[in-house]
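Numbering (our numbering), first residue to last: 48 to 202. Written out below as structure tokens is the structure these notes cover.
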């Protein structure tokens, strides 16, 4: 009886270990994806694009890579390319349809000091599509305008 119980315990332990490994593998993502996110955070967009292109060549069905490539293209003022990669991500995984307005929102925030006109264009585009982002956009625009006016008064 103790041998049977021991076999059951081993089987359960083995199953739990296998599931943990699978979750670890899924959550880690690819090396290129993780490094490209670091590049994006550092403002190194060309490097992020290069890595994401490598990932897509190796795994064309990687929806996250397609989505991130779309996001980076927003940051380098290539909206047409961004839309193409967003479309590919949406075809591969429907959850990216809901993430597209958030990508525009993040890009608008990043570009607000570098390219205010493009930032406003992105804000206008997302607020037309997603009512929830209107409030966020308004708050960010207000705080940026206030900061600008306060800085302007100092000169």
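Where is the CB? At the ideal position from N, CA and C, for every residue including glycine.
Close-in-space but distant-in-sequence residues of the same chain around residue i (CB under 6 Å, 5 per side omitted)
i           : result
residue 132 : 113, 116, 117
residue 69  : Note that residue 69 scores a pLDDT of 43, beneath 50, so its modelled location is shaky; the value from the coordinates is reported in the next line. Within the same chain, residue 69 has no close Cβ partners at all.
residue 77  : 102
residue 160 : none
residue 154 : 121, 122, 169
residue 158 : 165, 166
C-alpha distance - residue i paired with residue j, whole-angstrom precision
i           : j           : result
residue 156 : residue 166 : 7 Å
residue 164 : residue 142 : 29 Å
residue 86  : residue 111 : 15 Å
residue 91  : residue 175 : 30 Å
residue 140 : residue 130 : 15 Å
residue 125 : residue 134 : 14 Å
residue 127 : residue 136 : 14 Å
residue 108 : residue 138 : 9 Å
residue 89  : residue 119 : 12 Å
residue 105 : residue 79  : 10 Å
Close Cβ partners of residue i (< 7 Å) along its chain, the five nearest in sequence each way excluded
i           : result
residue 151 : 121, 169, 172, 173
residue 146 : 114
residue 83  : 95, 98, 99, 115
Residue i at chain C interface by Cβ criterion, 9 Å
i          : result
residue 96 : No chain C appears in this structure, which consists of one protein chain only.
**Prompt:** Does the region 107-126 come close enough to the region 90-99 that 3 or more CB-CB pairs lie under 8 Å?
**Reply:** yes
**Prompt:** In chain order, which alpha helix (DSSP H) runs of at least 4 residues are fully inside the region 129-185?
**Reply:** 142-158, 163-176
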